[in-house]
Structures are given as C-alpha cells and as structure tokens.
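From first to last, the protein sequence lines are chains A and B. So the first sequence is residues 1 to 234, counted in our numbering. So the second sequence is residues 235 to 471, counted in our numbering. Every residue gets a Cβ at the ideal spot worked out from N, C-alpha and C, and that includes glycine. So the structure is just underneath, and the comments pick up after that.
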Amino acid sequence: MNDLAESARLALHLVATADAELRGIVWLSLRVSLASALIACAVALPVGALVAVGKFHGRRAAVVLMNALLGLPSVVVGLLFYILLSRAGPLGRFGILFTPQAIVIAQAFLVMPLVAALSRQFVEDAWVEYREQLRSLGVSRLRAVPTLLWDLRLSLSTVALAGLGRAASEVGAVMIVGGNIDGVTRVMTTAIALETEKGDLPLALALGAILLAIVLALNGAAYALREWSARRHG
Amino acid sequence: MASRAPFSLEARGLRVVLGSHPAIDGVDLAWNGESRMAVLGPNGAGKTVLLRTLHGLLAPDDGRVLWSGAAALPGDQAMVFQRPVLLRRSALANVEYALAVRGMARAQRRERAREALAAVGLASVADRAARVMSGGEQQRVAIARAWALRPRVLFLDEPTASLDPNAAADVERVMGEIRGAGTALLFTTHHLGFARRMADEIVFLHGGRITERTPADRFFAAPRSREAEDFLRGELP
C-alpha cells in the first residue's frame with residue numbers, strides 16, 4: 001500500500017515537473033496517433049460514405065466485412081506489418097520497420113475499420129433522410145458523398161476522435177512494428193507495459209494517468225462538439 | 235401569368251405498390267400546367283406517392299409517366315417536400331448548393347440565391363443556419379431553393395401542413411408569385427381552405443384511385459363522387 005502511495009506521489013512529481021523522458025514519450029505518442037488517425041480518416045470516411053449510399057454488387061458483403069474488421073486483433077495486424085516491412089518482406093526496401101512511420105501505418109490500418117464502420121452508419125442514417133431531396137435536386141450518389149460528409153462533419157468529427165482514441169490506446173501492433181525502442185519508438189502504451197514489467201511503477205502510473213486524461217479529454221471534446229453542433233446547425 | 239414554354243404530362247395506368255399494398259392503382263392523369271392543380275384526399279389516399287411518381291422519385295410498378303415539351307427533363311422540375319430537408323449550412327448556402335448542382339457559375343448563383351430568398355421574405359436571415367429556423371421559415375427556404383432553379387413545373391407536397399396561419403399565408407403568397415412568374419404548380423393538400431384559394435382544378439384521390447377531377451369552384455360546390463362528398467363533410471380522415 002505504501003509502495004503504491006509512494007509510486008503515485010512520484011508519478012505526480014513526474015507529471016508536475018514535466019519530466020523530459022515522460023514528455024518525449026507523450027509527444028511521440030500524440031504525433032503518431034494523430035498522424036495515423038488523419039490517414040485513417042482520409043481513407044475510411046469516403047469509403048464508409050460510399051458504401052452507405054452506394055448501390056453495387058457485394059455491398060452487403062462489404063458491410064459485413066467492414067463490421068468484422070472491427071474485431072481485428074491488433075497483434076495480428078502487427079505481425080502482418082512486421083512481415084511486410086521486415087528486410088525480407090515486400091516493403092522491406094523502405095527500411096521503416098522499428099520507426100515511428102511503421103507505427104503510424106499499423107495504427108492507421110487498425111483505426112480504418114472503426115472509422116469506416118461508424119461513418120457508414122452515420123451516413124446511411126442520414127441518407128434515408130436526404131435521399132429523395134438530393135435526387136430531386138439532381139444530385140448523383142457519387143456527388144452525394146462529399147455533400148453528406150460535409151453536412152455530417154461535426155458528427156463525423158466524433159468518429160475521428162474515436163479513431164484517435166483507438167490509435168492512442170493501441171499497444172500490441174505498436175510493440176511489434178515499433179519495437180519499443182527508447183527515445184525512438186517508445187510510446188505511452190508500450191512504455192507502460194515495459195515499465196510495469198520492470199517494476200518502475202511511478203513512470204507507468206504517470207503515463208497511465210496522462211493516457212486516461214487524453215482519452216477522457218477526447219470523449220469530452222466529442223460530447224461538447226455534438227452539443228455545439230446541435231445548437232449551431234440543428 | 236407570364237407565358238412559358240408549353241409541356242404536357244400524361245400518366246397512364248399508374249400503380250405503385252409499397253410493401254404489399256398498392257398506394258396508387260390505375261391512375262390516369264393528363265395535365266399541361268395551365269391550371270393550378272391540387273391533389274386532394276384523406277390521409278393515406280396516395281397523394282404523396284402520386285406526386286413522387288410523377289416527379290420520377292418512385293418508379294411505378296405498372297403504367298408510365300410521360301413528360302414532353304418544356305418539362306421533359308428532370309432539371310425542368312423541382313419539388314418541395316412536406317418536411318423540407320435542408321443541409322446543415324446557411325439558408326443562402328442551401329439555395330446556392332441546388333444551383334451549383336445544376337452547374338451555375340459561383341458569381342451568378344450567389345445573386346440568384348439572394349433573389350430567391352428575398353422573394354420568399356427571408357433576405358434578412360439569409361446567412362442564418364437553415365436547420366435552426368422555424369418550420370415556416372424552413373418551408374420558405376425549401377421553396378426558395380426550388381424556385382431558384384426556375385423549374386417549369388413545381389411540385390409541392392402538403393406545403394402548409396403543420397404551419398401556423400401566418401406562415402401558411404406566407405407560403406400561399408409565395409406560391410402566387412411563383413405561379414405569376416410562369417411556373418406550373420401541382421400540389422397535394424388535405425386543407426380545404428388552402429385548396430379552395432390556391433387551386434384551379436382538384437384531383438380527388440381515395441384509396442389510391444382518382445375518383446374525380448373537377449374545376450375547383452365546382453368541386454367545392456357540388457362534388458361528383460360520394461367519397462369527395464364525404465371528405466368535404468369531414469367524414470373521411
């Protein structure tokens with residue numbers, strides 16, 4: 001109990017003094033998570049919207065696949081990208097295994113199904129409401145995609161925030177493709193795992209508290225955005 | 235009424251089945267836009283389905299809709315829905331969006347959109363978010379958006395339903411102006427007063443079938459069908 005209290009006190013001290021190691025880990029985590037969430041959104045938002053409004057063979061299968069990918073085990077994704085990016089792998093020539101870029105790619109791949117599935121659901125619900133009006137105005141299904149994405153931008157920004165939260169809390173794939181190298185690819189989640197294993201609870205606790213604060217802040221931001229959107233745009 | 239290029243609509247044997255129930259069945263209708271036509275009937279008579287089918291939003295299960303002349307292309311028509319669906323942007327941007335879809339240049343569409351909003355009395359709130367406006371204002375934005383397209387035919391589905399008397403009067407005034415500018419009007423309603431003031435001809439629909447088509451003054455004085463008579467007496471919902 002005393003150990004735990006002492007660890008918590010030291011963790012607080014690390015946060016309060018903005019410890020350099022802690023800062024470095026948090027900053028890298030934020031950078032890679034933000035980059036992967038941005039890439040995932042750029043790809044998955046239009047894909048989700050296209051599946052929502054599209055009329056094509058295999059649409060149902062696409063929806064099932066999209067939803068199934070939500071349960072994609074992150075260590076499997078990590079392993080897949082490890083093989084792809086390793087020296088002997090098809091993307092080995094880029095030499096990015098055990099770099100932040102590798103983490104970004106793996107995280108983006110993991111976040112994409114989440115963003116695609118949620119955005120499909122949002123856009124599909126809106127499409128029921130908008131379809132006849134847009135058709136009456138002469139809007140094609142393809143043109144409806146950017147219209148709906150823009151019209152639902154604030155609702156979809158909560159999807160993006162959910163994606164960012166998913167990326168920030170990822171550990172399995174990041175450990176495999178990043179390697180948890182001190183000062184290079186050590187992010188909050190992998191650092192917590194390592195420090196806990198070593199018994200260095202203060203740093204693990206400090207990182208855990210910051211990670212929790214980030215996740216809470218993201219959820220708070222999503223909630224505030226929804227509220228503001230409802231008041232501003234109806 | 236300003237003169238506009240002629241057109242004709244001919245619907246033959248229209249049948250639209252929704253679920254397992256025919257919403258309209260065996261509807262024949264010819265119209266050249268000279269008269270303001272109101273489709274009147276009780277709830278569930280098939281008024282909205284008929285309008286959507288004529289506008290091309292619903293494909294008939296049987297029969298066909300033939301447009302010729304100046305209203306033959308989808309771009310020659312516009313529709314105002316009972317519950318207007320407005321985009322989450324300003325009233326002005328909503329109207330501009332419709333014009334952009336039709337390929338109008340940016341500079342022109344800003345001017346046209348402002349004109350249309352001014353015509354429906356919303357010039358002063360053009361930059362307000364459309365979705366937070368009152369029901370009457372939203373209906374007028376929807377009418378401005380449709381009118382800005384300068385359609386040859388304008389369909390209006392229950393345009394005054396759920397509006398208060400002031401807002402309904404505004405809509406009636408705007409419809410009068412649209413008609414004056416040469417746009418043909420075909421609308422549905424179950425408000426007798428509105429139909430009496432705004433229509434030249436009444437098509438009475440009951441159970442998905444047209445039971446009569448009569449000049450408005452004659453319809454309200456002496457309807458020919460028993461269903462219309464019951465409806466006017468308030469004995470149909």
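At a CB-CB cut-off below 7 Å, which residues of chain A make contact with residue i?
i                 : result
Arg336 of chain B : Gly138
Leu291 of chain B : Glu132, Arg135 and Ser136
Met271 of chain B : Those do not exist, as Met271 of chain B stays about 19 Å from chain A at its closest Cβ, beyond 7 Å.
Met313 of chain B : Ser136
Where does residue i fall in DSSP's three states?
i                 : result
Asp391 of chain B : strand
Pro308 of chain B : helix
Arg141 of chain A : helix
Ile258 of chain B : strand
Met313 of chain B : strand
Ser459 of chain B : coil
Asp296 of chain B : strand
Ser229 of chain A : helix
Val408 of chain B : helix
Gly303 of chain B : strand
Val335 of chain B : helix
Ala415 of chain B : coil
Ala217 of chain A : helix
Gly78 of chain A  : helix
Gly71 of chain A  : helix
Thr147 of chain A : helix
Asp3 of chain A   : helix
Phe56 of chain A  : coil
Val184 of chain A : coil
Val115 of chain A : helix
Gly95 of chain A  : coil
Asn400 of chain B : helix
Leu110 of chain A : helix
So which residues of chain B does residue i contact, with C-beta pairs closer than 9 Å?
i                 : result
Asp151 of chain A : Leu321, Arg322 and Arg323
Do you know whose CA, among the options, lies nearest residue i's CA?
i                 : options                                   : result
Leu164 of chain A : A:Phe81, A:Leu114 and A:Leu142            : A:Leu114
Ile181 of chain A : A:Thr99, A:Ala144 and A:Leu216            : A:Thr99
Ser254 of chain B : B:Leu274, B:Asp295 and B:Leu284           : B:Asp295
Ala230 of chain A : B:Arg249, B:Ala363 and B:Glu411           : B:Ala363
Thr17 of chain A  : A:Ala224, A:Leu203, A:Ala61 and A:Leu212  : A:Leu203
Gln372 of chain B : B:Arg323, B:Leu420, B:Val387 and B:Leu388 : B:Arg323
Ser302 of chain B : B:Val283, B:Leu243 and B:Arg317           : B:Leu243
Val261 of chain B : B:Ser269, B:Gly275, B:Ala245 and B:Val273 : B:Ala245
Leu148 of chain A : A:Ala108, A:Ala20, A:Val111 and A:Phe122  : A:Phe122
Arg249 of chain B : B:Ala272, B:Ala293, B:Thr282 and B:Pro240 : B:Ala293
Asp361 of chain B : B:Asn328, B:Ala339, B:Pro393 and B:Leu388 : B:Asn328
Arg467 of chain B : B:Thr423, B:Pro276, B:Ser269 and B:Phe428 : B:Pro276
Leu142 of chain A : A:Ala5, A:Val32, A:Val53 and A:Arg31      : A:Val53
Leu397 of chain B : B:Ala450, B:Phe428 and B:Arg343           : B:Phe428
Val145 of chain A : A:Arg131, A:Ser136, A:Leu154 and A:Thr158 : A:Arg131
Gln316 of chain B : B:Gly337, B:Gly370, B:Thr287 and B:Trp265 : B:Gly370
Phe438 of chain B : B:Ala339, B:Arg386, B:Ala347 and B:Gly278 : B:Gly278
Ala376 of chain B : B:Val359, B:Tyr331, B:Phe421 and B:Leu320 : B:Leu320
Could you name the residues of chain E that residue i contacts, counting a contact when the two beta carbons are closer than 9 Å?
i                 : result
Pro294 of chain B : The structure shown contains no chain E; its protein chains are A and B.
DSSP has residue i in a bridge; who is on the other side?
i                 : result
Trp265 of chain B : B:Leu243
Glu446 of chain B : B:Phe438
Ala272 of chain B : B:Phe421 and B:Ile436
Trp381 of chain B : Trp381 of chain B is not bridged to any residue.
Ala363 of chain B : B:Ser324
Arg249 of chain B : B:Asp259 and B:Asp296
For residue i, return the contacting residues in chain B, with the cut-off set at a CB-CB distance below 7 Å.
i                 : result
Gln107 of chain A : The contacting residues do not exist; Gln107 of chain A stays about 30 Å from chain B at best.
Glu129 of chain A : Val319
Just the chain A side, please: which residues come within less than 8 Å of residue i by C-beta, in chain order?
i                 : result
Gly369 of chain B : Going along chain A, no residue has its Cβ under 8 Å from Gly369 of chain B, so there is no contact; the nearest lies around 12 Å.
Ala332 of chain B : Leu137
Pro308 of chain B : Gly138
Going along chain A, which residues have a C-beta under 9 Å from residue i?
i                 : result
Ala350 of chain B : Neighbours of Ala350 of chain B on chain A: none; closest Cβ ~14 Å, over 9 Å.
Val366 of chain B : Arg231, Arg232, His233 and Gly234
Ala363 of chain B : Arg232, His233 and Gly234
Hey, could you find the ends of the beta strand (DSSP E) residue i is sitting in?
i                 : result
His440 of chain B : Glu435 to His440
Phe421 of chain B : Ala418 to Thr423
At what residues does the alpha helix (DSSP H) containing residue i begin and finish?
i                 : result
Asp451 of chain B : Ala450 to Ala455
Gly24 of chain A  : Ala20 to Val53
Arg348 of chain B : Arg340 to Ala353
Ile176 of chain A : Gly172 to Gly178
His212 of chain B : A question about residue 212 of chain B goes unanswered here, because the residues of chain B that appear run from 235 up to 471.
Ser155 of chain A : Arg153 to Ala168
Glu197 of chain A : Met188 to Lys198
Asn67 of chain A  : Arg59 to Ala68
Would you say residue i touches the ligand GDP, meaning its beta carbon is less than 7 Å from a heavy atom?
i                 : result
Ala339 of chain B : With respect to the ligand GDP, the structure shown offers nothing to examine, as it has no ligands at all.
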